[in-house]
Amino acid sequence: MPKKKTGARKKAENRKEREKQTRANKGFVDVAKSPCNSAMECDKCQRRQKNRAFCYFCANVQKLPQCGQCGKTKCMKSSDCVIKHPGIHATGMGMVGAVCDFCEAWVCHGRKCLSTHACTCPLMDADCIECERCVWDHGGRVYRCSFCHNFLCEDDQFEHQASCQVLEAETYKCASCNRLGQHSCLRCKACFCDDHVKSKVFKQDKGKNPPCPKCGHETQETKDLSMSTRTTKFGRQSGADEDSYGYGGYGASGYDSYWKNVSSPGGGEGDQAEDGGDDDDEEDDEEEDEEDDDDDDDEEEEIADSLAGLKIEGTLVIEAVP
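Letter by letter, the sequence shown follows residues 52 to 373 in the numbering used here.
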């Protein structure tokens, strides 16, 4: 018979279970619903931005600051205030107690908020995966990629998520063998088969997908994703078709012809267009010259006819300018 658990032992086990659950859920906090990442409109410059102690654009302080932990803008007298206030409630700067170093938001002077927010701030390591800027370096809100769950700033969120489901390989095969990778890690951008996805370092939780053997991030089944492979073109594949340009294109396959055309007079694609334009101009000039010659011949014939009928001192003038 096992020994009966005492009340203190039960409380200790429950506390350990809660701490374990808190650590497990820390990486999956919905930053969009967190008060420290809520939208704020500055009272002075009217610009929308993330909830912060000072406006990112004009450094103004809000009239009604919002707590980054509990989200309230009014502190009631019955709450656990560290700073006791005589009135029924406190607002504005009389409500705040600190500024968080991670999310740059006000924290109210409640005992619970002051003691827990710094340890559980969801924006603790919120550096953008694309531009590597922290919360203090940009004024927008912070987002998480819906595929790799990395932090993103407001400027890079759409561009990153559009190109996130791309493998760093040319096939869907496992990174360790030649079999088809059924599990994909969107952080490492690699596929793993059923055998090589198992890891001795990272343990798999019940009811969840196996973790990545490289980074420990939870993998997803490749069939449930719109994964695409990275295409690397070599040689003639990287250049344009030779028929599309008169000189064989200027890609990896067109260097030889390119240098030949550069060395020859009037070479290059740009010269092609210029040469074509010059040919048209020359044809127009030739036609104009022919018309001018015809006009000159007609004038000479008229002069010759007029001089043929003149007589100077009995001599008939019949000479004409050829």
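No residue lacks a Cβ here, since even glycine has one placed at the ideal position from N, Cα and C.
| Query | Result |
| --- | --- |
| Beta-carbon separation (whole angstroms), C109 vs Q100, contact threshold 8 Å | Rounded, the Cβ-Cβ distance is 11 Å, inconsistent with contact. |
| Helix, strand or coil at F209 [DSSP, three-state] | helix |
| Buried versus exposed call for T270 [16 or more other C-beta atoms within 10 Å across all chains shown] | buried |
| Residue interval of the alpha helix (DSSP H) (run including C164) | 162-171 |
| DSSP beta-bridge partners of E269 | P262 |
| CB-CB length for C159 against C121, believed under 8 Å | 7 Å |
| Neighbourhood of K224 by C-beta, 8 Å cutoff - its chain only, sequence neighbours within 5 removed | R230, L231, G232, C242 |
| At least three beta-carbon pairs within less than 8 Å, the segment 180-195 to the segment 81-97 | yes |
| H189 and R238 closer than 8 Å at C-beta | no |
| G145 burial status per 10 Å Cβ neighbour count (16 or more: buried) | exposed |
| Secondary structure of V186, DSSP reduced to three states | helix |
| Nearest-angstrom Cβ-Cβ length linking G143 and K114, presumed shorter than 8 Å | 6 Å |
| Cβ shell of E199 (< 7 Å), same chain only, five flanking positions each side left out | Here the sequence assigns Cys to residue 199, which means Glu is not the residue at that position. Correct list, in chain order: C215, L237, R238. |
| Buried versus exposed call for V248 [16 or more other C-beta atoms within 10 Å across all chains shown] | buried |
| A90 (DSSP reduced to helix, strand or coil) | strand |
| Helix, strand or coil at A59 according to DSSP, with G and I counted as helix | helix |
| Opening and closing residue of the beta strand (DSSP E) in which R99 lies | 99-101 |
| Residue burial classification, W187 (beta-carbon count within 10 angstroms, cutoff 16) | exposed |
| The beta strand (DSSP E) enclosing V193, as first and last residue numbers | 193-195 |
| Identity of the residues DSSP links to C126 by a beta bridge | A141 |
| 6 Å Cβ shell around A141 - same chain, five flanking residues per side excluded | C126 |
| Opening and closing residue of the beta strand (DSSP E) in which G232 lies | Segment: none, G232 is in no beta strand (DSSP E) and carries neither H nor E. |
| Residues bridged to S279 [DSSP beta-bridge criterion] | V217 |
| Assigned exposure category for S279 - 16 Cβ within 10 Å defines buried | exposed |
| Helix, strand or coil at A241 [DSSP, three-state] | strand |
| Own chain residues within Cβ distance below 6 Å of I354, not counting five before or after | none |
| According to DSSP, residues forming a beta bridge with A149 | V158 |
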